[in-house]
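For the sequence shown, the UniProt record's numbering gives the first residue as 1, with consecutive numbering after it.
Structure record follows, encoded as structure tokens.
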Amino acid sequence: MAGSYSDVAVVTFFCASAVWRKENIMKLEPYHYFALAKAIDDLINVYQSVNDKQTVNAVQALTTEKINEILPEDSTQKEELLQFILDPHLTKASAERYLNGLKEHVTPFVAPSAKQVEKVFRKTKKLHLPNFDAMDLKEHTYIGWNDPGQQQKFLLYYDEQGLQGLKGNFSSNVLKNVCSICHKTSEVALFLATTKKGGDGTYTKKGNYICVDSEKCNHQLYDKKQLLDFVAKVK
Numbered sequence: 001m002a003g004s005y006s007d008v009a010v011v012t013f014f015c016a017s018a019v020w021r022k023e024n025i026m027k028l029e030p031y032h033y034f035a036l037a038k039a040i041d042d043l044i045n046v047y048q049s050v051n052d053k054q055t056v057n058a059v060q061a062l063t064t065e066k067i068n069e070i071l072p073e074d075s076t077q078k079e080e081l082l083q084f085i086l087d088p089h090l091t092k093a094s095a096e097r098y099l100n101g102l103k104e105h106v107t108p109f110v111a112p113s114a115k116q117v118e119k120v121f122r123k124t125k126k127l128h129l130p131n132f133d134a135m136d137l138k139e140h141t142y143i144g145w146n147d148p149g150q151q152q153k154f155l156l157y158y159d160e161q162g163l164q165g166l167k168g169n170f171s172s173n174v175l176k177n178v179c180s181i182c183h184k185t186s187e188v189a190l191f192l193a194t195t196k197k198g199g200d201g202t203y204t205k206k207g208n209y210i211c212v213d214s215e216k217c218n219h220q221l222y223d224k225k226q227l228l229d230f231v232a233k234v235k
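Below is the structure:
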């Protein structure tokens, strides 16, 4: 029995993958990858639950618009991606295989050395470093870890100046609310960052609810600007 177009497209993707790497055309950040995965999953849910063709066409158009926002530059690869997802017979299994191949083109979070992390958090005593080797760094726009003993949370991220860090007191009281980083409803806790305001040297604490599980937060973060806006607000 002949395979569906989606299955053929997956095979085509893997055959072309080596060429894409060589040409260095398609570059994705982790948040791009998860934004694409979310858009594709939402579209498949419509394929599987909606019979009205007009509605399906409208959602396809919206999904195409989203993907053009995520990947604004035109490329053969983007055209192939759009052709792949606009197949109404697309299944979650085919999409998962496709996304696994697409992940090869994701730029991983660059794991800093222990000295670099200690320099970023130089005022922190007894700093417990995360195990970068145990992480899939292609799934991280930032690194976040909790220190329950000190009731603190640490964030590492990159901006135009390089590696940056943010730490704050982290409440043990967990509740369901909207995270200030990923903007999704999740299990969050109050993060209190100490900041210096004005020329009088007065320190203030700014509180925001953020995800307890930073890995899950990364999976729900579809735009790095949300992370940088959060940092700008609390620093």
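Note that the Cβ used here is the ideal one computed from N, Cα and C, for glycine as well.
Range covered by the beta strand (DSSP E) that runs through Leu-155: Numbered from 1 along the sequence shown, position 155 holds the residue referred to as residue 155. Its beta strand (DSSP E) spans residues 152 to 159.
Between the CA atoms of Lys-216 and Thr-141 - distance to the nearest angstrom: The residue you call residue 141 lines up with position 141 of the sequence shown. The residue you call residue 216 lines up with position 216 of the sequence shown. Distance between Thr-141 and Lys-216, taken at the CA atoms: about 11 Å.
Residues near Trp-145 by beta carbon distance below 6 Å, same chain, minus five either side: Translated into the one-based positions of the sequence shown, residue 145 becomes position 145. In its chain, beyond the 5 residues on either side, Pro-130 and Phe-154 have a beta carbon closer than 6 Å to the beta carbon of Trp-145.
Other residues of its chain near Leu-43: CB distance less than 8 Å, five sequence neighbours each side excluded: One-based indexing of the sequence shown puts residue 43 at position 43. Hits under 8 Å: Val-59, Gln-60, Thr-63, Ile-85 and Leu-90.
Rounded Cβ spacing between Gln-220 and Cys-182 (contact assumed at less than 8 Å): Indexing the sequence shown from 1 puts residue 220 at position 220. Indexing the sequence shown from 1 puts residue 182 at position 182. Sure, about 4 Å apart at Cβ, within 8 Å.
Beta-carbon spacing of Ala-189, Phe-170 below 8 Å: Numbered from its first residue, the sequence shown carries residue 189 at position 189. Numbered from its first residue, the sequence shown carries residue 170 at position 170. Contact flag set, yes.
Buried or exposed (CB count within 10 angstroms, at least 16 for buried), Lys-126: On the sequence shown, position 126 is the one that residue 126 refers to. Burial is judged here by how many other beta carbons sit within 10 angstroms of a residue's own beta carbon; Lys-126 has fewer than 16 and is exposed.
Ala-111 versus Asn-51: straight-line alpha-carbon distance, rounded: Along the sequence shown, read from residue 1 onward, the residue named residue 111 stands at position 111. Along the sequence shown, read from residue 1 onward, the residue named residue 51 stands at position 51. Cα-Cα distance, rounded: 47 Å.
Beta-carbon contacts of Asn-177 that lie in its chain and below 6 Å, excluding the five residues immediately before and after: By one-based count along the sequence shown, residue 177 stands at place 177. Within the same chain, Asn-177 has close Cβ partners Val-188 and Tyr-209.
Unbroken stretches of the alpha helix (DSSP H), 4 residues or longer, contained in the segment 80 to 134: List check, alpha helix (DSSP H) in window: 92 to 102 and 114 to 120.
Cβ pair Leu-99, Ile-70 closer than 8 Å: Against the sequence shown, residue 99 aligns to sequence position 99. Against the sequence shown, residue 70 aligns to sequence position 70. Their beta carbons are not under 8 Å apart, which means Leu-99 does not touch Ile-70 by this criterion.
Inter-residue CB distance, His-128 and Asp-147 (contact presumed, cutoff 8 Å): Within the sequence shown, numbered from 1, the residue matching residue 128 stands at position 128. Within the sequence shown, numbered from 1, the residue matching residue 147 stands at position 147. About 6 Å separates the beta carbons of His-128 and Asp-147, which is inside the 8 Å limit, making them a contact pair.
Buried/exposed call for Gly-149, threshold 16 Cβ in 10 Å: Start at 1 with the first residue of the sequence shown, and residue 149 comes out as number 149. Around the beta carbon of Gly-149, fewer than 16 other beta carbons lie within 10 angstroms, which makes this residue exposed.
Rounded Cβ spacing between Phe-121 and Gly-168 (contact assumed at less than 8 Å): Locating residue 121 in the sequence shown gives position 121, counting from the first residue. Locating residue 168 in the sequence shown gives position 168, counting from the first residue. Not really, about 12 Å apart at Cβ, beyond 8 Å.
DSSP-derived helix/strand/coil call for Ile-181: For the purposes of this step, residue 181 is taken as residue 181 along the sequence shown, with counting starting at 1. It is coil, neither helix nor strand.
Asn-68 in three-state terms, based on DSSP: Stepping through the sequence shown from its first residue, residue 68 is reached at position 68. In the displayed model, Asn-68 falls within a helix according to three-state DSSP.
Which listed residue (Gly-207, Asp-213 and Val-212) has its alpha carbon closest to that of Phe-230: Taking the sequence shown and counting its residues from 1, the one referred to as residue 230 is at position 230. Residue Gly-207 holds the alpha-carbon nearest to the alpha-carbon of Phe-230 among Gly-207, Asp-213 and Val-212.
Sequence-distant residues of the same chain with beta carbon closer than 7 Å to Ala-39, five excluded per side: Residue numbering aside, residue 39 sits at position 39 when the sequence shown is read from its first letter. Thr-63, Lys-66 and Ile-67, listed in sequence order.
CA nearest to the CA of Glu-79, picked from Ser-186, Ala-134, Asp-213 and Met-26: In the sequence shown, the residue the question calls residue 79 occupies position 79. Out of Ser-186, Ala-134, Asp-213 and Met-26, Met-26 has the C-alpha closest to the C-alpha of Glu-79.
C-alpha gap between Gln-116 and Tyr-222, whole angstroms: Here residue 116 refers to the residue found at position 116 when the sequence shown is read from its first residue. Here residue 222 refers to the residue found at position 222 when the sequence shown is read from its first residue. Their Cα atoms are separated by approximately 27 Å.
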